[in-house]
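Participant:
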Amino acid sequence: MFRCLADVPAVFTAIVAFVIVAAAAPSSLALAMPSAPSTTHLSAASPTGCTAGDSAAASSTESPLPDKHRCNKWLVLDFDGTCTEHDTTPLLPRMASLHSGDNDARRKQRLEQFNTLEQEYFDAYSAAKKRVLGNGSDDGDDTKMDLHEALESLDEVSTVVTHKVSQSSCLSGLPSHPRHMADLIDQHEELQRLTRLQNDCVAVVADAHLAGWCLGVLSINWCPNLIEAALVMPVRRHLDTRRPTSTPIVGNKEDRDVVGDKVHLRAEVWSNEIDDKGAVTLHVPGASAKRTCIQSLKERLRIQQDLLDKESRRPIVIYIGDSSTDLSGLLEADIGIMLGASATIEGIAKRWNIELSKLSDRRRHVRQQKGGLLEQDSDTIWMADGWKEIDSLLQDVSD
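If you read the sequence shown in my numbering, its first letter stands for residue 12, the second for the next number, and so on.
1. Could you check the C-alpha separation between residue 294 and residue 283 for me, to the nearest Å?
2. Can you give the beta carbon distance from residue 370 to residue 404, rounded, assuming they're within the 8 Å contact cut?
3. Could you tell me if residue 384 is buried or exposed, where buried requires 16 or more neighbouring beta carbons within 10 angstroms of its beta carbon?
4. Does the region 104-115 come into contact with the region 191-204, if we say contact requires no fewer than three beta-carbon pairs (one atom in each stretch) closer than 8 Å?
5. Would you call residue 54 buried or exposed, if buried means 16 or more other Cβ atoms sit within 10 Å of its Cβ?
6. Assuming the contact rule is C-beta atoms closer than 8 Å, residue 350 and residue 329 should be a hit. Round their C-beta distance to whole Å, please.
7. Drop a sphere of 10 angstroms on the beta-carbon of residue 188, count the other beta-carbons inside from all chains shown, and report buried for 16 or more, exposed for fewer.
8. What is the DSSP secondary structure of residue 161, counted as helix, strand or coil?
9. State buried or exposed for residue 389, treating a residue as buried only when at least 16 other CB atoms are found within 10 Å of its CB.
10. Just reading off the alpha helix (DSSP H) that residue 229 is part of, what are its end residues?
11. Are residue 161 and residue 359 closer than 9 Å when you measure CB to CB?
12. Can you tell me whether residue 112 is buried or exposed, with buried defined as 16 or more other CB within 10 angstroms of its CB?
13. In whole angstroms, what is the alpha-carbon distance linking residue 207 and residue 214?
14. To the nearest angstrom, how far is it from the Cα of residue 354 to the Cα of residue 144?
15. When the distance is taken between beta carbons, is residue 297 closer than 9 Å to residue 170?
16. Exposed or buried, what is residue 141 when buried is set at 16 or more other beta-carbons lying within 10 Å of its beta-carbon?
17. Keeping to the same chain, check which residues put their C-beta closer than 6 Å to that of residue 246; ignore five residues upstream and five downstream.
18. Can you tell which of 135, 292, 122, 252 has the C-alpha that lies nearest to the C-alpha of residue 174?
19. By the three-class DSSP mapping on this structure, what secondary structure does residue 401 have?
20. In the DSSP output, which residue or residues are listed as bridge partners for residue 394?
21. Given this structure, state the Cα-to-Cα distance separating residue 185 from residue 210, to the nearest angstrom.
22. Kindly indicate the opening and closing residues of the beta strand (DSSP E) around residue 155.
23. Give the secondary structure of residue 86 by DSSP, where H, G and I count as helix, E and B as strand, and everything else as coil.
24. The beta strand (DSSP E) spanning residue 280 covers which residue range?
25. Out of 240, 158, 235, point me to the one whose CA is closest to residue 193's CA.
26. How would you call residue 336, buried or exposed, if buried means at least 16 neighbouring beta carbons within 10 angstroms?
27. Nearest by alpha-carbon distance to residue 89: which of 157, 197, 339, 286 is it?
28. Can you look up residue 291 in the DSSP assignment and give me helix, strand or coil?
29. Just mark residue 198 as buried or exposed, buried being the case when its beta carbon has 16 or more other beta carbons within 10 Å.
30. For residue 332, which of helix, strand or coil comes out of DSSP?
31. Using the C-alpha atoms, what's the distance from residue 196 back to residue 346?
32. By the three-class DSSP mapping on this structure, what secondary structure does residue 357 have?
33. Taking only the alpha-carbon atoms, compute the straight-line gap between residue 396 and residue 301 and give it to the nearest angstrom.
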């Protein structure tokens with residue numbers, strides 16, 4: 012799950028600096044419709060493979076979810092760079108080393124192995140990107156590629172290097188539970204800084220939950236426990252400070268989890284996963300997998316509406332991402348939002364005639380109709396500068 016950081020060199024420099032200092036210092040994603048959440052109200056259904064075979068399940072005549080878990084509005088988020096300020100991948104060998112209690116030699120070995128493979132990824136990604144996009148002004152070498160083939164060629168670089176990471180065991184010994192991961196982060200200021208969430212992310216996600224949106228995280232990240240610890244748990248803590256009496260809860264009360272005077276988060280995490288030996292299983296290897304997952308989720312929601320509630324409002328899936336890996340999912344979602352700027356995305360959009368528009372411009376069109384989806388949503392990726400803009404969108408769509 013490597014991501015190209017060419018568009019954010021300052022972030023990469025900060026993370027690499029941390030890794031270098033650390034080395035010198037002592038010492039079947041069945042996304043089509045997620046399973047019903049556990050009674051603990053964590054997000055953590057274990058990731059399973061997202062495969063084409065899931066479309067067969069979508070044709071079932073059975074209700075996709077029990078009545079109390081039906082939801083026709085889904086807010087699906089990428090994790091690294093979308094919710095977080097930094098890509099968290101380079102932190103994983105450091106986290107594994109700290110949690111395993113490595114001595115100096117073993118820690119240095121882990122970090123050197125990972126740094127070597129990371130550099131191999133950057134070099135291969137740059138070459139693949141040049142084949143796809145060329146040097147900037149001219150077309151890429153592979154002029155007959157369609158968009159999805161081009162994205163798959165970029166993702167393949169990450170897949171190859173990920174297998175090498177698994178073989179190296181440099182990620183063995185990561186915390187096996189979200190709480191243990193959270194404790195590890197809390198013990199180290201650098202981990203806290205480099206897993207920091209973007210401004211307003213927690214508040215917007217929490218408010219969306221209270222407004223009746225089902226929440227999902229769809230990520231190529233290797234470590235679901237990190238997603239839980241860095242994103243889901245902070246949102247849950249934010250919700251725990253909110254009383255239902257002061258914040259109206261939208262939708263059927265059966266769809267909200269209220270215990271005493273607290274509202275608890277029900278979310279789903281769909282990602283890759285890593286075992287205790289450091290071997291990565293790729294359930295969501297890249298752009299094509301994300302596209303398939305969003306397609307399957309939309310199809311399940313359509314069937315759910317046809318079977319259970321034909322008179323209800325049209326289902327909506329919003330997907331928010333920040334990189335080329337998210338592009339197919341953004342195009343497939345009812346509303347796709349790209350957070351921040353990306354030269355790679357702009358180059359891909361130019362070559363394959365993808366419409367990129369400012370999310371703030373969408374509000375002008377919204378004023379001409381009362382909320383809901385716009386005609387432009389089907390073929391436009393909306394560009395947002397921050398989470399406050401996304402909050403405004405969710406309110407527009409919900410009106």
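Glycine included, C-beta positions come from ideal geometry on N, C-alpha and C.
Facilitator: To lay it out plainly:
1. As a first step, residue 294 is located in the sequence shown; it is residue number 283 there, counting from the start. As a first step, residue 283 is located in the sequence shown; it is residue number 272 there, counting from the start. Counting only the Cα atoms, residue 283 lies some 5 Å from residue 294.
2. For the purposes of this step, residue 370 is identified with residue 359 of the sequence shown, where counting begins at 1. For the purposes of this step, residue 404 is identified with residue 393 of the sequence shown, where counting begins at 1. Contact between residue 370 and residue 404 is confirmed by a C-beta separation of about 6 Å, below the 8 Å threshold.
3. Indexing the sequence shown from 1 puts residue 384 at position 373. The Cβ neighbour count for residue 384, taken over all protein chains shown within 10 Å, is under 16; the residue is labelled exposed.
4. With a cut-off of 8 Å, the region 191-204 and the region 104-115 count as touching, because enough Cβ pairs lie within range.
5. Taking the first residue of the sequence shown as 1, we reach residue 54 at position 43. Reliability fails at residue 54, whose pLDDT of 34 lies under 50, so the model's placement of it is uncertain and the value that follows must be treated cautiously. Buried is the call here.
6. As a first step, residue 350 must be located in the sequence shown, where it is residue number 339. As a first step, residue 329 must be located in the sequence shown, where it is residue number 318. The beta-carbon distance between residue 350 and residue 329, rounded to whole angstroms, is 12 Å. This is too long to meet the 8 Å contact definition.
7. Walking along the sequence shown from the start, residue 188 turns up at place 177. Exposed is the label assigned to residue 188, since fewer than 16 other Cβ atoms lie within 10 Å of its Cβ.
8. The residue you call residue 161 lines up with position 150 of the sequence shown. Helix, per DSSP.
9. Here residue 389 is taken as the residue at index 378 of the sequence shown, counted from 1. With a threshold of 16 other beta carbon atoms within 10 Å, residue 389 falls short and is exposed.
10. Looking up residue 229 in the sequence shown gives position 218. Note, residue 229: premise wrong, no alpha helix (DSSP H); beta strand (DSSP E) at 225-229.
11. Your numbering for residue 161 matches position 150 in the sequence shown. Your numbering for residue 359 matches position 348 in the sequence shown. With respect to the 9 Å criterion, residue 161 and residue 359 are classified as neighbours on the basis of their beta carbons.
12. In the sequence shown, the residue the question calls residue 112 occupies position 101. With fewer than 16 Cβ atoms within 10 Å of its Cβ, residue 112 is classed as exposed.
13. In the sequence shown, residue 207 corresponds to position 196, counting from 1. In the sequence shown, residue 214 corresponds to position 203, counting from 1. Roughly 14 Å between the two C-alpha positions.
14. The sequence position of residue 354 within the sequence shown is 343, counting from 1. The sequence position of residue 144 within the sequence shown is 133, counting from 1. Rounded to whole angstroms, the gap between the alpha carbons of residue 354 and residue 144 is 11 Å.
15. Residue 170 sits at position 159 when you count from the first residue of the sequence shown. Residue 297 sits at position 286 when you count from the first residue of the sequence shown. Contact: yes.
16. What you label residue 141 is simply residue 130 of the sequence shown in a count that begins at 1. Residue 141 comes out exposed.
17. In the sequence shown, the residue the question calls residue 246 occupies position 235. If we look at residue 246 and ignore the five residues flanking it on each side, its Cβ neighbours are 213, 216, 217, 276.
18. Translated into positions along the sequence shown, residue 174 becomes position 163. Answer by Cα proximity: 292.
19. On the sequence shown, position 390 is the one that residue 401 refers to. Taken through DSSP and simplified to helix, strand or coil, residue 401 comes out as helix.
20. The residue you call residue 394 lines up with position 383 of the sequence shown. According to DSSP, which records beta bridges pairwise, residue 394 is partnered with 349, 369.
21. The residue you call residue 185 lines up with position 174 of the sequence shown. The residue you call residue 210 lines up with position 199 of the sequence shown. Cα-Cα distance, rounded: 27 Å.
22. As a working note, residue 155 is residue 144 in the sequence shown. Annotation: residue 155 is outside any beta strand (DSSP E) and is labelled neither H nor E by DSSP.
23. Position 75 of the sequence shown, counting from 1, holds the residue named residue 86. The DSSP-derived three-state label of residue 86 is strand.
24. As a first step, residue 280 must be located in the sequence shown, where it is residue number 269. Bounds of the beta strand (DSSP E) holding residue 280 are 278-281.
25. In the sequence shown, counting from the first residue as 1, residue 193 sits at position 182. Comparing Cα-Cα distances from residue 193 to each of 240, 158, 235, the minimum goes to 240.
26. Position 325 of the sequence shown holds residue 336. By the C-beta density criterion, residue 336 is buried, having at least 16 other C-beta atoms within 10 angstroms.
27. Taking the first residue of the sequence shown as position 1, residue 89 is located at position 78. Of 157, 197, 339, 286, the residue nearest in Cα terms is 339.
28. Numbered from 1 along the sequence shown, position 280 holds the residue referred to as residue 291. Residue state for residue 291 is assigned as strand, using DSSP reduced to three classes.
29. Stepping through the sequence shown from its first residue, residue 198 is reached at position 187. By the Cβ neighbour-count rule, residue 198 is exposed, with fewer than 16 other Cβ atoms within 10 Å of its own.
30. In the sequence shown, the residue the question calls residue 332 occupies position 321. Strand at residue 332.
31. For the purposes of this step, residue 346 is taken as the residue at position 335 of the sequence shown. For the purposes of this step, residue 196 is taken as the residue at position 185 of the sequence shown. Approximately 34 Å, taken between the alpha carbons.
32. In the sequence shown, counting from the first residue as 1, residue 357 sits at position 346. Correct three-state label for residue 357: helix.
33. Reading the sequence shown from its first residue, position 385 is the one you call residue 396. Reading the sequence shown from its first residue, position 290 is the one you call residue 301. The alpha-carbon atoms of residue 396 and residue 301 are separated by roughly 23 Å.
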